[in-house]
Amino acid sequence: MRLNAMKNMFEGIIKQAEQLLKENKNNEAIELLRCKESPNDAVLCSLLARAYFQRGDSKGDTYSAHFFAERAVHLGHEDNRVRSILALTSFRKEEYQQAVDIFSRYVNSSSPSATQFMYGMSLLYNHQAGEAVDWLKRAVKLDQHNEMYAKALKIAQEQRENGGKIVFAEVPEAGAQPDALSKKRGLADSPQDFYWLSKNIPCQEACPAHTNIPEYLRAIYDGDYEKAYLINLKDNVFPAILGRVCARPCESECRHGWDGLGTSVQICFSKRAGADLRQDKPVILNILYPPSGKKVSVIGAGVAGLTAARQLALYGHSVTVYEKHNRPGGMLNQGIPIFRLPREIIDREIDQIRQLGVEIKCNCAVGKDISLDTLINTSDAVVMSAGTVRPNILNLPGKDLSGIRHGLDFLLQVNEFDAREIGKNVVVIGGGFTAMDCARTAKRLGAESVKVCYRRSTKEMLVTPGEIEELEHESIPLDLMVTPCGYKGSNGKVTHVTFIKTKLGEPDASGRRKPVEIPGSEYDEPADTVLLATGQFPDTAWIGQSLSDKLVDDDQWLKSGKSVTTQVGKIFAAGDFATGARSLIDAIGHAKECARAVDAYLMNKKRIKDVARIVDATGTGRIREMDFVDYQQMPTIDLDKRSLTAEVETGFDKTLAVDETQRCYLCHYKYEIDSDICIYCDWCIKAKPRPNCIVKVKELIRDEHGRITGFVRAKEHEDTQLIWINQEDCIRCNACVDACPVDCISIQKVSLDTCRACDVDAELNKD
Numbered sequence: 001m002r003l004n005a006m007k008n009m010f011e012g013i014i015k016q017a018e019q020l021l022k023e024n025k026n027n028e029a030i031e032l033l034r035c036k037e038s039p040n041d042a043v044l045c046s047l048l049a050r051a052y053f054q055r056g057d058s059k060g061d062t063y064s065a066h067f068f069a070e071r072a073v074h075l076g077h078e079d080n081r082v083r084s085i086l087a088l089t090s091f092r093k094e095e096y097q098q099a100v101d102i103f104s105r106y107v108n109s110s111s112p113s114a115t116q117f118m119y120g121m122s123l124l125y126n127h128q129a130g131e132a133v134d135w136l137k138r139a140v141k142l143d144q145h146n147e148m149y150a151k152a153l154k155i156a157q158e159q160r161e162n163g164g165k166i167v168f169a170e171v172p173e174a175g176a177q178p179d180a181l182s183k184k185r186g187l188a189d190s191p192q193d194f195y196w197l198s199k200n201i202p203c204q205e206a207c208p209a210h211t212n213i214p215e216y217l218r219a220i221y222d223g224d225y226e227k228a229y230l231i232n233l234k235d236n237v238f239p240a241i242l243g244r245v246c247a248r249p250c251e252s253e254c255r256h257g258w259d260g261l262g263t264s265v266q267i268c269f270s271k272r273a274g275a276d277l278r279q280d281k282p283v284i285l286n287i288l289y290p291p292s293g294k295k296v297s298v299i300g301a302g303v304a305g306l307t308a309a310r311q312l313a314l315y316g317h318s319v320t321v322y323e324k325h326n327r328p329g330g331m332l333n334q335g336i337p338i339f340r341l342p343r344e345i346i347d348r349e350i351d352q353i354r355q356l357g358v359e360i361k362c363n364c365a366v367g368k369d370i371s372l373d374t375l376i377n378t379s380d381a382v383v384m385s386a387g388t389v390r391p392n393i394l395n396l397p398g399k400d401l402s403g404i405r406h407g408l409d410f411l412l413q414v415n416e417f418d419a420r421e422i423g424k425n426v427v428v429i430g431g432g433f434t435a436m437d438c439a440r441t442a443k444r445l446g447a448e449s450v451k452v453c454y455r456r457s458t459k460e461m462l463v464t465p466g467e468i469e470e471l472e473h474e475s476i477p478l479d480l481m482v483t484p485c486g487y488k489g490s491n492g493k494v495t496h497v498t499f500i501k502t503k504l505g506e507p508d509a510s511g512r513r514k515p516v517e518i519p520g521s522e523y524d525e526p527a528d529t530v531l532l533a534t535g536q537f538p539d540t541a542w543i544g545q546s547l548s549d550k551l552v553d554d555d556q557w558l559k560s561g562k563s564v565t566t567q568v569g570k571i572f573a574a575g576d577f578a579t580g581a582r583s584l585i586d587a588i589g590h591a592k593e594c595a596r597a598v599d600a601y602l603m604n605k606k607r608i609k610d611v612a613r614i615v616d617a618t619g620t621g622r623i624r625e626m627d628f629v630d631y632q633q634m635p636t637i638d639l640d641k642r643s644l645t646a647e648v649e650t651g652f653d654k655t656l657a658v659d660e661t662q663r664c665y666l667c668h669y670k671y672e673i674d675s676d677i678c679i680y681c682d683w684c685i686k687a688k689p690r691p692n693c694i695v696k697v698k699e700l701i702r703d704e705h706g707r708i709t710g711f712v713r714a715k716e717h718e719d720t721q722l723i724w725i726n727q728e729d730c731i732r733c734n735a736c737v738d739a740c741p742v743d744c745i746s747i748q749k750v751s752l753d754t755c756r757a758c759d760v761d762a763e764l765n766k767d
């Protein structure tokens, strides 16, 4: 029954297509005939060959007609019309021997003059002038008034007499392939290659440490947790830590979260899974260079200092880190609550840095226990990475009342010194990471009322996804669009915070909309404890007068700004100490940049290079159904079990990890159409899931470095110069590869890699 229905459907399509072809409605015929069954049905192939041949208005039609004519013959449908199309398209493709072979099988003296003429032309171009003259004479005899036939015969006769090579017209060489990269495979380091990486792997581009996110997500999907952890360890130093507390700039740029594509991949939670699900043993990276004999002192054992230290150790230098507190980690220990980041996780990943040979001296404050001058005199280079510990105390009436304290000091006392005192009514002022941690910590300490007050909207809050929801879960209210304008107190203690309501104005220097106070909207909020999560600045007082004039501005910030270098050649700066308070991953990225600068200074050359690593691939392993998998929620413990030390988020198990990581589009795979093989059948365009992922292009736009920066769409079919996979809109679903009948779409995996410069140069010179 089903077979009969299929047969009837095909017969209907064939009948309708034949009528359209008789009326020369070739576009409509092609659209009707183009279905997934066509390449496997002889009659449909023959009709498609005819449709493309009749249309014949672009290079692609010749290739398409030839392809489908060949398929028809292969499937057993060979009549003179199909043979004619195959022969003529072979001639147009300059495959003259094939054209001669096909014509010879069916052309005879009874064939139409045009057919005999084309047989003669094929012989002529195939350097068979004697035989060409015979067939061209027959054509002229049948159509004595055709000047083209007569001219061709004359040329053939001259060719037969002279024995020279015949060329009717100059055939232009094929243009260069519109490659998005500078080479097909291997290592590449041109602006073109880095441009492709920046435009096509948005998550990696957004990550300050440039973590190879697609590759580690694929490793987790494959169950290779060791590989996933190693990729993260190499790129961002603290995988298990960041998997819990990273600011996740990658997720806001994830292609899966673009309009119409759903929700971003849970990259951070997946990173944690790669760390949690592996074997619990240290991973020590390989040293890149032998010992250099150079000594580097690093001031501050926070994430920036530890990152710089690790990188410099990998480069072969001797590194000592000086930390004024009793253990390394900086804000990891001092500012982040245990219920978000267990301390054994911190200890484990710092220990991996120690095992590279990095010495960490705790309880040693530079400027007190040892001077900066001493470090400069005994080191080949010094890295200042002392963080931002100078609090921003709001200069408001009543600021000296007891009970008003900075949030970071509060968290330090709780996290490092086990302080437990808290008031009944706690007001947290601010809208960032510190504000969230202060509020949730105060709640766990037993405060009867905890409230967060912020001067902008939630859209402007600098928090990680889910933190506002956790405030809700823990019954901590959030008052928005209010800003403090003073404090009130009794007997020297704060009793109220006076707020004024705000509205949002134009964006300020941070890019966020500036709060504008609404006159007459003041009100008092009861509070016996006020925690200021209002930012902090670098403390440069420890630098000492002799160097302060060279390094520090009047506002106590470094004169060098956000740069990793300073006005003193051998002194460098890393992380928040240079940039101001930012996220952990920002500090890591900045410290990696700093370490490279230090190495180049010490060795008088750049020994570390970024490259694009390009390898051939047969596919991504993804299937279209993966695109529609919902994002996975992070499991958490029940509210009644939440305490200061109980980790709230429990992490993905293996099932959740696979379910989430399969959602990644694997943007580091590049799909490209070989225009020399493409038959311009448009089947990939029909199969595409996105409006702009595959486009007909009149020309590509390149800049002075050869980077493809855009394209000009072909408005008409005859304007089409190539079919282009627009990488920025491609979701790597493989639909085009599955649809392509001639396998003209190549796939390469392109990764950003950091290597020894000598290895890169050797590889590039070999090419």
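So in full-length UniProt numbering, spot 620 of the sequence shown is number 620, and the numbers just go up one at a time. Backbone N, C-alpha and C define an ideal beta-carbon position, used for all residues, glycine too. Just so you know, these numbers come straight off a predicted model, no measurement behind them.
CB of residue i within 8 Å of CB of residue j, strictly
i: residue 493; j: residue 528; result: yes
i: residue 265; j: residue 383; result: no
i: residue 322; j: residue 661; result: no
i: residue 725; j: residue 747; result: no
i: residue 729; j: residue 690; result: yes
i: residue 485; j: residue 401; result: no
i: residue 353; j: residue 329; result: no
i: residue 65; j: residue 52; result: yes
i: residue 290; j: residue 316; result: yes
i: residue 723; j: residue 63; result: no
i: residue 438; j: residue 372; result: no
i: residue 103; j: residue 87; result: yes
i: residue 81; j: residue 116; result: no
i: residue 574; j: residue 590; result: yes
Presumed contact (8 Å Cβ cut-off) between residue i and residue j, rounded CB distance
i: residue 609; j: residue 668; result: Contact flag wrong, Cβ pair sits at about 19 Å.
i: residue 672; j: residue 179; result: 7 Å
i: residue 614; j: residue 184; result: 7 Å
i: residue 206; j: residue 239; result: Rounded, the Cβ-Cβ distance is 17 Å, inconsistent with contact.
For residue i, the nearest candidate out of the options (CA to CA)
i: residue 687; options: 654, 678, 620, 737; result: 737
i: residue 423; options: 593, 446, 457; result: 446
i: residue 300; options: 542, 53, 623; result: 542
i: residue 99; options: 108, 114, 118, 111; result: 118
i: residue 751; options: 436, 212, 719; result: 212
i: residue 603; options: 134, 94, 293; result: 293
i: residue 429; options: 244, 394, 764; result: 394
i: residue 120; options: 84, 153, 597; result: 153
Own chain partners of residue i with C-beta closer than 6 Å, once the 5 adjacent residues on each side are dropped
i: residue 431; result: 454, 461
i: residue 634; result: 269, 649
i: residue 739; result: 683, 684, 687
i: residue 504; result: 513
i: residue 709; result: 701, 703
i: residue 560; result: 566
i: residue 126; result: 96, 97, 100
Proximal residues to residue i (C-beta, below 7 Å), its chain only, five neighbours per side dropped
i: residue 170; result: A caution first: residue 170 carries a pLDDT of 35, below 50, which makes its placement in the model unreliable, though a value can still be read off. Nothing meets the Cβ criterion.
i: residue 54; result: 21, 24, 26
i: residue 263; result: 256, 257, 631
i: residue 617; result: 669, 747, 748, 749
i: residue 581; result: 388, 535, 536
i: residue 707; result: 191, 192, 195
i: residue 360; result: 301, 321, 323, 328, 354
Cβ neighbours of residue i in the same chain (closer than 8 Å, five flanking residues each side left out)
i: residue 356; result: 284, 285, 287, 310, 313, 314
i: residue 164; result: A caution first: residue 164 carries a pLDDT of 49, below 50, which makes its placement in the model too unreliable to give a value.
i: residue 77; result: 42, 43, 45, 46
i: residue 745; result: 671, 672, 673, 674, 684, 725, 736, 737
i: residue 370; result: 322, 364
i: residue 2; result: At residue 2 the pLDDT is 46, less than 50, meaning the model places this residue with poor confidence; the figure from the coordinates comes in the next sentence. Result list for residue 2: empty, nothing under 8 Å.
i: residue 644; result: 337, 338, 339, 414, 441, 444, 445
The ligand ATP heavy atom lying under 7 Å from the CB of residue i
i: residue 501; result: No copy of the ligand ATP appears in this structure; indeed no ligand is present at all.
Determine, using beta-carbon pairs with one atom in the segment 504-522 and one in the segment 384-393, whether at least three such pairs fall under 8 Å.
no
So, do the segment 553-569 and the segment 464-474 have three or more beta carbon pairs nearer to each other than 8 Å?
no
Is the segment 638-653 touching the segment 188-201, taking contact as three or more C-beta pairs under 8 Å?
no
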